[in-house]
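Beneath this line is the structure, given in structure tokens, with notes to follow.
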Amino acid sequence: MTTKERIYEALSKLNLPLAYADSDINDLPRLNFVLIYNPTLKLSNKRHTRHPIYQVDYFTNHPQDVEDSMILDQVLETLEKAGLSVTEFREANVVDEDFNRACYHYWTEVY
């Protein structure tokens, strides 16, 4: 099973709207993930090992405390139970001009 498949399978268990890359899902909260880097280790000029890194995004209209958020912790724990490594969540505040609302964006890297 690929890393992408493992991420999708794990996040599907959270029962939140989930999409890969760009999506027309406008519901909040929602999860999204995308490939951000795909380094390859080469030996004797042949591909030996790939180490894709994905970004998992959580969008909500309610600010979360990255140190004490049940949903953010659930996302990390679900990915870790699937045997994936994760970074801690980071945060950005975004204004969704299409819907005239504030949107809080949290993301972690998964590999």
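In this note's numbering, the protein residues as written are 1 to 111.
All C-beta atoms in this analysis are idealised placements derived from N, C-alpha and C, irrespective of residue type, glycine included.
In the assembly as shown, Val94 is an exposed residue. Its beta-carbon has fewer than 16 other beta-carbons within 10 Å. The Cβ-Cβ distance between Leu14 and Gln74 falls below 8 Å. The three-state reading of DSSP puts Gln64 in coil, since its state is none of H, G, I, E or B. By the 16-neighbour rule on beta-carbons within 10 angstroms, Ile7 is buried. When DSSP assignments are scanned along the segment 12 to 75, no uninterrupted stretch of alpha helix (DSSP H) that is 4 or more residues long falls wholly within it. Around the beta carbon of Leu16, 16 or more other beta carbons lie within 10 angstroms, which makes this residue buried. Taking the Cα of Glu67 as reference, the smallest distance to any Cα among Asn61, Leu76 and Phe59 is reached at Leu76. For Glu109, the three-state secondary structure derived from DSSP is strand. Short of 7 Å from the beta carbon of Arg47, and not among the five residues preceding or following it, lie these beta carbons of its own chain, in chain order: Thr40. Comparing alpha-carbon positions, the option among Asp65, His62, Ser69 and Val34 lying closest to Pro52 turns out to be Val34. Tyr54 places its beta carbon 8 Å or farther from that of Leu72. Between Glu88 and Tyr106, the CB-CB gap reaches or exceeds 8 Å.
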